[in-house]
Structure formats: structure tokens, C-alpha cells
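Working notes, structure below.
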Amino acid sequence: MAAGNVNPFNVSDSEDEAEQRQDGADTERSPSDEAQGHSLGPFSPPAYSEPAALLSSNRTSPSVDGIPASAAAVAGIGGGGAETRVSLDAIAAQLLRDQYILTALELHTELLEAGRELPRLRDYFSNPGNFERQSGTPPACKEQAVGPGGPLTVQVQDRKRRKKDALMRDRAGSISTLDSLDFARYSDDGNRESDERVAVLEFELRKAKETIQALRANLTQAAECEIPSQERKNYKSSPENQEPIRPLEKRALNFLVNEYLLKNEYKLASITFSDENDDQDFELWDDVGLNIPKPPDLLQLYRNCGNILPLHRDTVDVAVNVDPNDLPGDYFTQEPVQQTEAIQQQEEVVQELEYQIGLLNSEKQSLAEQIKKLQSDIQALQRNVSSEPTSAVKSTQSKEDTPCGKPPLDNGQYLDIRGVTETDSSSDANTTKTSNTTTTATTDCTERTTTATQPHAKLKSQSQQGKSSVQFDQPNRKLSPAFHQALLSFCRMSTDSRLGSEVSRIADSEQSVMLMLGRCLPHIVPNVLLAKREELIPLILCTACLHPEPKERDQLLHILFNLIKRPDDEQRQMILTGCVAFARHVGPTRVEAELLPQCWEQINHKYPERRLLVAEACGALAPYLPKEIRSSLVLSMLQQMLAEDKADMVREAVVKSLAIIMGYIDDPDKYSQGFELMLLSLGDPSERVVSATHQVFIPAFAAWCTELGNLQSQLIPSLLTRIEKLLKQGEYGLDEHKLHMYLSALQSLIPSLFAVLLQNAPFTSRAKLQGDVPPIEVTRFPRPASPLQDVATIVGSREQLAVLLQLYDHQLQHEGTTGWDSLLWVVNQFLPQLIEIVGRINVTSSTCVHEFSRFFWRLCRTFGKIFTNTKVKPQFQEILRLSEENVDASAGNGILTKATVPIYATGVLTCYNQEEDRKLLVGFLEDVMTTLSLSHAPLDSLKASFVELGANPAFHELLLTVLWYGVVHTSALVRCTAARMFELLVKGVNETLVAQRVVPALITLSSDPEISVRISTIPAFGTIMETVTQKELLERVKMQLASFLEDPQYQDQHSLHMEIIKTFGRVGPNAEPRFRDEFVLPHLHKLALCNNQQTVESKRIDIATQLFEAYSALSCCFISEELMVNHFLPGLRCLRTDMEQLSPEHEVILSSMIKECEIKVENKGIGEAQGSISIAASLVGEDAKTKFLSKMGQLTTSGAMLANVFQRKK
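Going by the UniProt record's numbering, the sequence shown wraps up at 1210, each residue one higher than the last.
Rendered as C-alpha cells:
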């Protein structure tokens, strides 16, 4: 600083000078400098590692007399010249000591921009304590020992990037640089201190931002090492496992995607994308957190993805004479990981290079072939021009001896039309005889070569003979060959491109055609419309079958499976047909090696149509696969898709393919896996998957079990055991879904079980198709769910089944079941276990009753009438024991209260609809009704029977016959039961039967001498009011109910009043509004008034409770203001009077109900007064809406402005 001509900002960038500065650093250090230097870490640069030489020349004069400044500096140092050298560190120390803070700050900024940061300035400006206002003399410069993790520490690999953009960023962040200083601020007007403070604060802000960036860089390194080395090895050892995306990679990709969307005018998509990633700032690349330069945009990455990128060399910091204990903890573990990653990258590059080498070799061969042909043509032309016609023939023969002795590079598979064209064009200068001789000789040479080298010699020789006879007329002209060639060059032909090369040579054998198709198809497919790509399937398959190269075959099959993005049903059928044809042609080995990998690759494809293609392909290819692969790999693939796939249609196809596998599998050890797959399919939440299981999988699995001999020993007993276990666990709540699942599986097994009986019967050996066999009745078997559940399909044919059925009926009717083990198992084990299970289910569960009824119905219809009458009915009758002696015995009547009664009535007795069968059903129901009534037993079993039978209109007359038997029965108990059964039957019977059969019976019972019988008719009358619409019928019922309420003989009938109130509460909300308004509400009001005068407290609380339930149900209905004021509110107030004394908790609810009703009444009057106001308000609202929409329609906002409207605020 002493010299006047020293420029402190002339910093040399010479590396030699840097080395010289490092050598002389010790001579220029101060004691305080040494203290600072020793405090640095082993990887931190020394305090004076980059001092700059201060030259005496001007800043604009980098050299003196032709000598570079750096050289001059070195010479000055080495020779001890006259120039005075002061280190930058000394200048910085002097500035800080003299309190030239802003000058020191400018120096620090300039050095940062040049990439030569001084530790002294960095530490000073990183310490906030140096900028606190102090009085007195300026403090001494305190040395701060800051390690590599300090707030202004900058990573080495980031300096190159920062060197470029630090200038713009720092100048924007600080107003204190040389070119931005406002010297007017530092006038002596008294504002200098505040301006300096502003500058310092701005500098602190910028440094804080850099601190954030440095911390982000540290976090970046930590995140890069998140995945343990063991997991990295796993990803590398198994290529199919892709390493999961890292947070930094995700943020970088998000930034690039958003940048792409903005550049290509996808602004709404960019807005949505930004909102979904609101934790990221898409305007600043540094927010990504990557400590690397910003990569190119997506378009550049896509264009350069096929190019070979240079290998990134890993760099390692090296220190000499450093204690290992001072090194970071992960220093020794970083190098092996980096080496492993580098090796993997090199392997990938090697594979890519090998592939490129293969392509270049093939191109080289084709080019060498073309060169050879061109050379031979040139030689022929030269000889033809320089010699006579005879010598031309000799030269042609000599040319035959030399080139034809060597086979061409493509083994003679192509006829190159380029060579023919050139030969023809060059020979125009000669005579016709000479040109013809040359052409013939060349063709003969080609013939001999291809005949000797090709397997299709005969075919090729025939084609060559045809070609050798082709001759072209030559003009009698004397043009020079060069002129002729130049003239023909104006014919625009392209032979240099890939397509031109293919067009210019014509394949002349089958194998060459396959090679040509293998090369051309990958370029053809992407340019064909998606809707027409299935037209390429035959071409792709033929080429894949016959192509000699495995790699090309694999590529073609990959194209086949990826031919259509989302293939529809017809397109999938075409692809599957092609796959089956391919499999038949190539055999199981190639199917396993070439087709199955294509299926495996797409098992987790994002489009369900592609996964559906895989599922269907597994089933279609099953017959053509090796049996080991069929029962292992393919079965595992389908099992995985069944358990994991989310698409219903895919799982449905998986179930069908599994059924096909079950039809071809022959490994007995896979039975347990098949059983688990059956249960998994049955438990699927999709109805279509469950339907496919019943229609396809279970019949196929049952057929395999039949062959194994474990249908009766394992499969059916396993399902029965699970049902029993379910009933034991369901004492407090039965899982009806699982019960339905197991029982439906048993039901689907019935045809297979019956086929086993026929095939293992004593008469099977005598079953021969001889003579006239009576045809099978159409209604002999239940309608099968699918052809696989048809017994005729299982047995073999309908004729064979007819013969077996004839012998089956004869055997059961005349010869018995001796020696018939399969039938004896059904009679002695299967049926008793089922009947026991039926007795344990809950009779009130209509679902369970219906399921078992359907099961027994199908079982009896499948096994036939003789089997039902002789084997099934006797077992039920023995258990039920319907005899007169057991009427009063509780043990004998216990079974009548269980589900055995409805299941026997609806599942067994309804199988056949002949007269004797109907009489048996009527007699059974009459006996049950009589027995249960006389023994005072619960009527749940009888009600379940009526509900199940009442669902079928064919049994309505039969049930009415049973009930009429009860109406005219001598016992009042039976008549009461009949009256209550009418309530269940009325809902399903048509109004004609109600008018003709039900109402007369009920009126008869309503005049019964026994009051209990009359009371029992009230629920049935109420149900009629709820369901019937005929006015005359409703009036008759209303008159009957009115007689119950108004007749003086019923005034003290507490049970009658209870039943009427209960019925009103049940049917009131659903009854005709006129009936509710004119009959129900007024009579409820009267009953509530009467109950206030009730003296018996128990009766009063019973009536009040029923009234409370009735009013609660009716409060949801629309009630007019008049009825509300005259009947509903007064009835509630009367009821509240009762509840105040009897049940205070109900009184609170009633008070709330009364208050709500009163508010409704008040609001109705107010609402009428405000009606006109609301109409006017709605008109005003509509007018405002119309104006707003019209204004929006007049806007001419651009797309960019609309995008800004929805921009997320930051």
C-alpha cells in the first residue's frame, strides 16, 4: 500500500504464481496468522493458500514488454527484484486494523467473484459480533477459527458454478460493490453511519442465504448416503428391483417437469403440479438442494439419452502428513462405495458399447459388400472400355474365377438392384452383345455362389434361372460411361439411408425375408394407427417363429405384447390366438424361454388391459408349457395377481386361467395350494370374480379332486368342518358372509359329487349305448351355472348320462345300495352332518335359512326323486317326529322351533310339485302350526317357513289353504296362530287374493268368541291398510278397526288398545295419508286422553310407552297445520302429562317434540307473509347472476392471463 502505483485489485490467475505463493507463505505470516492456520481442519485450505501478487503495472496492462505478469511476478520473487510484493492477506489485515470496513468488504466481494476467498475476510464478515456499534478506538481484528462446517464454508465442487453466477448474484445482493457504490451516500451530511449499517445488514442477509445454501448442500450429501450399502448391493444384484427414488432426485425431476410444462404452454397443468408440490419453490433451482449444476431441460435429456455420456470421474481430497484420527468418520467408507458405483456405471457403458459394436459390425459388413461389388463393377467397366468384345468376354470369365471363388458377405441372400443398375448404365456405351454377355456371366457367378452356400439351394437356383433369362434392350448410342452415369444421377434414388438400403436389395429366400422383416418391423409398428395394429399380428408372429436370431425374436415378441397401448377385448383375442399359434409351432421349450418372460414383465403394468392380457395368456398357453413350469411359475404368477391386482376384470381372468391350470396340473402336492386359491377367490369382494369361481374354477378343481380321489375324503369334509367351526364361533354373532361363501362352494360341488356317484356305481360297467335310451327330462336337473356344472358335460355326453340315470333309478328302487361306497358316504355321513348343522343355525336369520333351503333344493333335484323320497325325507322325519303323543313333550317339540322346519319345508318338500308332494307339504305345515300352538312354543320356525314360501307366488294358494285350516280349527290357540300368520302373507299376495281369501278369513276371526283371537287379527288388518290400494277394501278394514276402538265392550281391553297403538305406530308412516289423518291421529289423541284417567299405574305406563313409540314414528310424517293443532299437539301434551309422573326421561324428549311442533306452526304463518319477499329476492339474485355471466362472456383474457388468475400465491 506504500507504493503509489500498486493496484490492490490486480490479481493474477497464474498457477505458477500460486505455487510460488504457497512456497513463500511462511515468510509472510504473522503470529496471529499462524494461530489461525493451525486451527483449521485437515481438509481446509491453509490461511494463505491463495495470496495474490500485487504488480506495479496497471490493471489494464497484464504484461510488460511482452513478458506476462505472472512471469514477471515469479521473476521478481525468485530474483529478489526491485518490485515490492505485499500479500492480499496483509492488505486485508491492514484494512481491518484501520477500520476500512467497506473497502475490506469490496475486496472480499471481488475475491469471491474471482474464486479466491481469503480466510481472514471470510471469518471477519461471518462474525456478527464485529458489526456491533462500539465507541472509542477501533477494536483489533480478532481471528476466528472456523472449520469446514462454518457458515460461509463453500464446497469445492460448487466453486466452478458459483464462479460464473456469483458476479450477478452478489451484485444484486449487495449495494457495496465498486460499480454500484453511491458515493453521495458517504458525504459528510451525517447519514454515513445509517447507510453503513444498511450495507452491513444487507451483507448479513446475503451471507445468511449462503449459509442456508451451505446447509442444504450438507443435507444433500446426507440424503445421498441414506440408502445403506447392503440395499445398494441388493438393487445391483437383482436388476428387476429398481432402486427407489431419492428425495433429491424427486425434487430435481419435479423442477424439470414444471420447467417443461411452462415452456410448452401447459400453464394450467403447471399450476396444478405446483399446488401438488407446495413444499418446493419452482422458481429457484437452488431450492432443489442439489450441490451440482442445473441439468439440461427434459427435451435435451430426451435427445441425448441414446448418446454415450462421458464417465464421471470421482475425485478424492488428499492430504499429506495428516493424522488419520483427524479425518472425517466416513472418509474410508466413501471410497469403496464410490468405486462400486463407478464399476456399475462402467458395466452399463460396456453393455451399451457392445450393442453399438454389434450394430456397427453389421453395418460394416453391408458396406464392405457394397464396396466389393462396386470394385468388381468398376473393373469390369474398365476392361470393357479398353478391349474388344472377345477380350471383354475373357475378362469377364477371369472375373468369374476370382470374385466368385469367395462367398459374398451376406451369403448371397440378396439381389442388389444397385449393382444391376450401375452395370446396365455403364454398359450402354458398348454393344448389345457385350453387355448381355457380361450380365449373363455375373448372374451365373451369383448362381454358383448361392447354390454352394445356402441351404435353400434348389429354391434359389430356380429363382436365379428365372432372373438369368431377363435381358434389357440397349440403345445403339456412343455416350461415354461418365456422361451416361452423370445423366442417370439425376434419377433421384436414395441408397444411403437405412430404408434405402432395404429397398435397394431384394430378398430371394425365406431366411432373407425373415431377416428383412426382423429389421423393418420395429420401424413399421410405431407408424401404424393404433386401431389397425392388430393387422400386423400375423406378420410379427411369422417373423418371430422363423427368425434365426433369439435377440430379434425377443424384440418381436416384446412388440407383440406392447403392440396396442390398451387392447380391447377383440384385440386381446387376436393377440392370444397368435400366441397359441406361436406356441403350437415352436414347442414348449421356446414358449417357456420366449413367451413367458413377456408375460412376467407386464404382470404389474399400469394399464389393467395389459395385465388382463397377461392373465388370459397364462391360461391360453397352459396346454403348451412344460408341466413343471405350469404347476410352479405360472401358478405363482396367477396367485400373485389374484392377491394383489386391484382391477376386478383382471382377477376374473386370473380365476379362469387358474381353472385351466387346474385342468392340466398333475402334481398331487399342489392340492392344498388349489384349495387356498379357491377360498381366496370365493372371498373376493367383486361379484364377478366370485361368479367366475363358481362357474369355472370350482368345477375344474373338483374334477382334479375326483381324479385324486379326495373329493369325498378331503374337499367336501373340509368345507363342512369350516361351516361347523363358523357356527361355534358365531354364538354371539354369525359371519353370514363366510357361511354363504362355504355353502355356495358346497352347492357348486353337487354336480361333481353326483357324477362321482354315477361313475363309481355298481352298474357303471354295464352302461353301454345300446338300443333306444329314453331322453332326459328338461327339468330333471337344476339349470347349471355354466357348462362345466352340467352333469352331462362331466360324465361325457348326454346319451351316456341318460343310460347312467336309467340304471341309477333302477338300482335305487330295486337293488339297493350295497357295495356302493360313494352313495353310502352321502347317506350315512354327508346328510346327517348337514342336518345337524341345519339344527344349529339361527332360525330368525332369513339369509341362513334361504341359503340352506336353496342348497337342499339343488341337492334333492340333482340326486333325483327316488333318492329324495327314500334317503333324504326319512332322515328329516325321524328327527322332527310329528306325532300326537309328543304334543306336550318339550323334548319332542324342541326341534320344531329350530331352522330344521323351514329348511325341510322349503328345501326338501318343494323340490317336486306333483299333487302328492303338495299334500305332503300342506300336511306338514298344518301339523307344525297345530303342534307349536298347542304347546305354546315360539312361532319363529313357522314364520320363517311362511316368509320363505311366500316369496314364491306359486305357493300362495297352498299357504292360504293351510291358514284356512287354522281359521276353522277348534282350538283358539291355533286360530290365534293363523291370524298372526296372515300378517306375514299379506305383503306378498296380490290384492285379488287378499280381497277373496284373506279379508273374509280375518273378518271371520274378528268375530271369534275368544277375545285373544280378535286381538290377533289387528296386525293383519294394519298390514292391509299399509299395502292395499283398493278403496272398498280399505273401507272394510277401517270399519273393522273402528269397531274395535268405538265398541263399548272393548273399552277396558288393555291388550287390544296396546295392539292397536303398536299397529298404528308401525303402519302409520307408510299408510295412505287420508287414513292417517282421518283415523290414526284422532284415535291416538283419544287414547292419550283416556290414558290420563287410567288408575292402574302398570297399564298406564304400558299405554304411554306405546303411545310414545307411535308419536315418535308419526312425527316424521307431513302433518297439516289443522291436524297439528287439533290432534297431534294435544295428544303429545296428554302424553307428556303421563310421562311427567311415570317416566321423567321421556318427558324431556316430549317437551322438545312439542316445542318443535309449535315452532313449525308459528313459522308457517310467518312463511306465508314472507313469501312475496323471498320471490323478489330470488328474482334479484337471478338478475345478478345473469349480469355476472354476461360480463364474463365479454372478457378477452388471454390464456396466459387466465393461468395467472389461478397462480398460487407465494
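C-beta: ideal position from N, C-alpha, C; glycine also.
Residue range of the alpha helix (DSSP H) that residue i falls in?
i, result
"Asp275", "267-276"
"Val525", "First-last for Val525: undefined, no H or E at that position."
"Asn254", "247-263"
"Gly1131", "1129-1142"
"Glu915", "915-934"
"Cys976", "972-986"
"Tyr965", "956-967"
"Ile665", "Neither: Ile665 is in no alpha helix (DSSP H) and is coded neither H nor E."
"Ile895", "Run containing Ile895: none; DSSP gives neither H nor E here."
"Asp821", "821-825"
"Thr818", "First-last for Thr818: undefined, no H or E at that position."
"Thr721", "716-729"
Which residues in the same chain as residue i place their Cβ atom closer than 8 Å to its Cβ, once the five residues preceding and following it in sequence are excluded?
i, result
"Gly136", "Legend: pLDDT at Gly136 = 39, less than 50; position of this residue unreliable, value from coordinates given subsequently. Result list for Gly136: empty, nothing under 8 Å."
"Leu949", "Ala905, Thr906, Thr910, Phe955, Leu958, Leu959"
"Asp170", "Confidence in Asp170 is poor, its pLDDT being 43 and thus under 50, which makes the residue's placement unreliable; the coordinate value appears in the next sentence. So the qualifying residues of the chain are Thr109, Leu112, Glu113, Thr177, Arg206."
"Arg1136", "Glu1147, Leu1150, Ser1151, Ile1154"
"Asn760", "Trp820, Asp821, Ser822"
Is residue i helix, strand or coil when you go by DSSP?
i, result
"Cys1117", "coil"
"Phe763", "coil"
"Gln1094", "coil"
"Thr1029", "coil"
"His547", "coil"
"Thr870", "helix"
"Cys911", "coil"
"Glu283", "coil"
"residue 1212", "No information on residue 1212 is available, as it lies outside the stretch 1 to 1210 that the chain covers here."
"Lys943", "helix"
"residue 1218", "The shown model of the chain, from 1 to 1210, leaves out residue 1218, and the question about it has no answer."
"His850", "helix"
"Arg122", "helix"
"Lys294", "coil"
"Asp98", "coil"
"Leu487", "helix"
"Arg477", "coil"
"Arg197", "helix"
"Pro1000", "helix"
Can you list, in chain order, the residues of its chain whose CB lies under 7 Å from that of residue i, leaving out five sequence neighbours each side?
i, result
"Ile665", "Arg630, Ser631, Trp704"
"Val922", "Leu958, Thr961, Val962"
"Ala692", "Glu652, Val655, Lys656"
"Arg766", "Leu807"
"Asp98", "none"
"Thr282", "According to the sequence as given, residue 282 is Phe; it is not Thr. Within the same chain, Phe282 has close Cβ partners Phe255, Asn258, Ser274."
"Asn130", "Tyr124"
In chain order, what residues of the same chain have a beta carbon less than 6 Å from the beta carbon of residue i, not counting five sequence neighbours either side?
i, result
"Phe332", "With a pLDDT of 47 at Phe332, under the threshold of 50, the modelled position of this residue cannot be trusted; read the value that follows with caution. If we look at Phe332 and ignore the five residues flanking it on each side, it has no Cβ neighbours."
"Leu1033", "Ala995"
"Thr1063", "Ile1018, Pro1019, Gly1022"
"Leu261", "Ala269, Ser270"
"Thr847", "Glu736"
Cβ of residue i versus every heavy atom of the ligand MN: is any distance shorter than 6 Å?
i, result
"Gln1053", "Ligands are entirely absent from the displayed structure, and the ligand MN is therefore not among its contents."
field: Inter-stretch contact (C-beta, 8 Å, three-pair minimum) for the stretch 774-789 and the stretch 682-690
entry: No, because fewer than three Cβ pairs between the stretch 774-789 and the stretch 682-690 fall closer than 8 Å, the two stretches do not touch.
field: Contact between the stretch 1018-1026 and the stretch 974-992 (3+ Cβ pairs under 8 Å)
entry: Yes, they touch.
message: Would the stretch 825-843 count as touching the stretch 800-811 if we require 3 or more Cβ pairs under 8 Å?
response: At 8 Å Cβ cutoff, the stretches do not touch.
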